[in-house]
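The structure appears right after this line, and notes come after that.
2 protein chains.
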Amino acid sequence: MGEFDLISRYFHRPAQRSPLGVGDDCALLAPAAGHHLAVSSDMLVEGRHFLSTVAPERLGHKALAVNLSDLAACGAKPLAFTLALSLPAADEAWLAGFARGMWALADAHGCELVGGDTTNGPLNICITVFGEVPAGQALLRSGARPGDDLWVSGTLGDARLALEAFRGTLQLPAQAFAAARLRMETPTPRVPLGQALRGCATSAIDISDGLLGDLGHVLAASGVGATIDTARTLPLLAAGTGVCDDAWALTCVLAGGDDYELAFTAPPALRPEVEAAGRASGTAVTRIGRIEAEPGLRLLGANGAPLAQRFAGFDHFG
Amino acid sequence: MGEFDLISRYFHRPAQRSPLGVGDDCALLAPAAGHHLAVSSDMLVEGRHFLSTVAPERLGHKALAVNLSDLAACGAKPLAFTLALSLPAADEAWLAGFARGMWALADAHGCELVGGDTTNGPLNICITVFGEVPAGQALLRSGARPGDDLWVSGTLGDARLALEAFRGTLQLPAQAFAAARLRMETPTPRVPLGQALRGCATSAIDISDGLLGDLGHVLAASGVGATIDTARTLPLLAAGTGVCDDAWALTCVLAGGDDYELAFTAPPALRPEVEAAGRASGTAVTRIGRIEAEPGLRLLGANGAPLAQRFAGFDHFG
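In order, the protein sequences belong to chains A and B. In terms of this note's numbering, the numbers along the first sequence are unbroken and rise by one, the last being 611. In terms of this note's numbering, the numbers along the second sequence are unbroken and rise by one, the last being 611.
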């Protein structure tokens, strides 16, 4: 199977909404009048962003999901994406599975594949995603203000829990492992929540490298600090804190990585609006702390006293 | 050096024209009113798209150049790009060289880096480039009509000549090798020509996999055929046909790959306009054949008789 056969068999569908899709030198996009185009690129490398044991269908889902999560974090509506794929071989079963997982998620979000590249080399998946957001309404990292509530969506830490089980650091019951693995391999980008938070959240970020590390970017960009009540975050581990000791559970929740939930801030006066956005988008939202003028990130333990445990963020070159 | 240090040191400049650049979950782009956004992605893999011997500065140039070439082929004006980079190590000398080559070309085209991704893994460079083109004026592959002239820009075949010298297939004089190598490693994207051809060319494509193969895409998309007068293409080898036998020279020119010139079509009545576009953009343009209703690609030799030599196109999975 040659490069062009491969593209036409697995990655070519006529464009529905874009003026021009796959098959020319460029694709053409037309964001609606009064809207900006939101753009994000993520590259996934085997062994670094996914294990070689992952089913290709789940990998196709995840490669697009982590990009959609960036659109969610800025409140954009998905429009289109490009896919650049470096493959060691043109393995038809792998390609069919990968494409199936990718298309299912793309279709669920009305996001169409408009172009890309296919080449031979070590397995590497680079997706660039495009969304539209009304000019001036994008959710940025820089908008958090002292007094704002700090919120997170969904559950946190299960992807890290699965990774530690794969590594053999932790032993999990079979059912808990399967559920945690599903969270790691098929994250849910919070696209509807992101859009529902426009005009309500003051800042947002998607949690890909662990809550503390990603929240650190918001604090730096906004010039503020925060306090997190860890008693509110501990229950966010979907597997339940019974599957490991509390220190490990907190590590997974606060510094886990690969969550693809949103962390966001909003004034306390808008709590009803935040809760309505969660309900409207079918996404749990939990208030876990507060933004403060004093720089730095403070963690409170179960008794309200400062937490002694320390956490390291994730760094791709650390 | 961590991931965020690396980005801030080499790949972070404030956005000048885009509403939001590097540093948030998404970048924001705002194409001018009445314009479409042209998008293209190219992924470069070591050993496949560049040799490990290439200087990082030239590689930084080439990685962006091959993407700008796609914008040129659709007549778009460059706006911005994202860079996703997988690196085996954070080598500062390599990064400084790569960034220098990339920024020099980006600045020459007023194209700003707005986002991307950096990770650890086998060397892989994925750039997605954005340009703007007035709605309805993009140069497409599908517009060639019987009777149109067939044109190419610049010179063809020197990149392949350099590759064959690296492979040891051909021996070149030192000066010819250096010049051919420069063409291979630092191609010139024909961005000004592409924009000058709007409203004049009926179709265009950039020549990345060899003239015959890429022209084949135009013929297929347009439902036409073509005849090429190879006596007009043979002199396009900048190194001169004296450096190898004519059969090799023709292979390099017609099926070389890595040229990043434009092949385009235009009605004979617009020859003065095509030549004016070439002059205005400082780019040589050469008429090499004609589009015909009869499908297929016919090659004429020096005497006007059909050429016996056969050529294989380049396929990344061939």
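Just so it is clear, CB atoms sit at the ideal spot from N, CA and C, and this is done for glycine as well.
- Counting only Cβ-Cβ distances below 8 Å, PRO415/A has contacts in chain B at VAL338, GLY414, PRO415, ASN417, in chain order.
- Under a 10 Å Cβ-count criterion, GLY503/B is classified as buried, with 16 or more other Cβ atoms of the shown protein chains found around its own Cβ.
- PRO349/A: member of the alpha helix (DSSP H) spanning 349-366, first to last residue.
- The C-alpha of ASP400/A lies about 11 Å from the C-alpha of ARG393/A.
- With respect to the C-alpha of ARG564/B, the residue from ALA467/B, ASP442/B, GLY516/B, LEU344/B having the closest C-alpha is ASP442/B.
- In the structure shown, the three-state DSSP call for LEU508/B is helix.
- Between LEU530/A and LEU463/A, the beta carbon gap of about 12 Å keeps them out of contact (Cβ cut-off 8 Å).
- Taking a beta-carbon distance threshold of 8 Å, CYS493/A does not count as an interface residue toward chain B.
- Bridge partners of SER311/B according to DSSP: none are assigned.
- One Cα belongs to ARG434/B, the other to THR495/A, and the distance between them is close to 45 Å.
- Using beta-carbon distances, ILE300/B does not count as an interface residue toward chain A, since no partner is under 8 Å.
- Between SER362/A and ALA577/A, the C-beta gap is not smaller than 8 Å, which leaves the two residues out of contact.
- Per the Cβ contact rule, the stretch 409-429 of chain B is not in contact with the stretch 547-564 of chain B (fewer than 3 Cβ pairs under 8 Å).
- Residues of chain B with a Cβ closer than 8 Å to the Cβ of THR544/A do not exist; the shortest Cβ-Cβ separation is about 20 Å.
- One finds SER334 in chain B with Cβ atoms closer than 7 Å to the Cβ of GLY409/A, taken in chain order.
- DSSP places GLY424/A outside any alpha helix (DSSP H); the residue lies instead in the beta strand (DSSP E), whose first and last residues are 417-427.
- Under the 8 Å criterion on CB atoms, CYS404/B is classed as non-interfacial with respect to chain A.
- Annotation for HIS329/A: VAL426, ALA428 place their beta carbon closer than 6 Å to its own, counting only its chain and skipping 5 residues before and after.
- Shown here for LEU505/A: same chain residues with a beta carbon closer than 7 Å to its own, the five before and five after excluded, namely LEU547, ALA548, LEU590, PHE604, GLY606 in chain order.
- Taking CB atoms only, ARG460/B has no neighbour in chain A less than 8 Å away.
- Residues of the stretch 299-323 of chain A that bring their beta carbon within less than 8 Å of a beta carbon in chain B comprise LEU299, PRO312, LEU313, GLY316, ASP317, ASP318, CYS319, ALA320, LEU321, LEU322, ALA323, in sequence order.
- Excluding the 5 residues flanking it on each side, TRP541/B has same chain C-beta neighbours closer than 7 Å at LEU463, in chain order.
- Contact fails between the stretch 366-385 of chain B and the stretch 300-309 of chain A, because fewer than three Cβ pairs, one in each stretch, are under 8 Å apart.
- Nearest CB-CB separation between ASP499/B and chain A: below the 8 Å threshold.
- Counting only residues of its own chain and dropping the five nearest sequence neighbours on each side, THR534/B has a CB closer than 7 Å to the CB of LEU527, ALA542.
- Among the residues facing chain A, SER345/B is not included, as its CB has no counterpart in that chain under 8 Å away.
- In this structure, DSSP gives THR523/B a helical state, which the three-state scheme calls helix.
- Between GLU350/A and PHE391/A, the gap from beta carbon to beta carbon is short of 8 Å.
- Using a Cβ-Cβ cut-off of 7 Å, ASP363/A is close to ASP318, CYS319 of chain B, given in chain order.
- Per DSSP, MET294/B lies in no alpha helix (DSSP H) segment and is marked neither H nor E.
- Among the residues of chain A, none has a CB under 7 Å from the CB of ARG474/B; the nearest is roughly 22 Å distant.
- Rounded to the nearest angstrom, the Cβ distance from VAL332/B to HIS402/B is 16 Å, too far for a contact under 8 Å.
- Here ARG583/B is bridged, per DSSP, to ASP442/B, THR520/B.
- Put simply, the stretch 505-523 of chain B does not touch the stretch 464-481 of chain B. Fewer than three CB pairs are less than 8 Å apart.
- For ARG564/A, the closest Cβ of chain B is not nearer than 8 Å.
- Below the 9 Å Cβ cutoff, chain A contributes GLY316, ASP317, ASP318 as neighbours of ARG434/B, in chain order.
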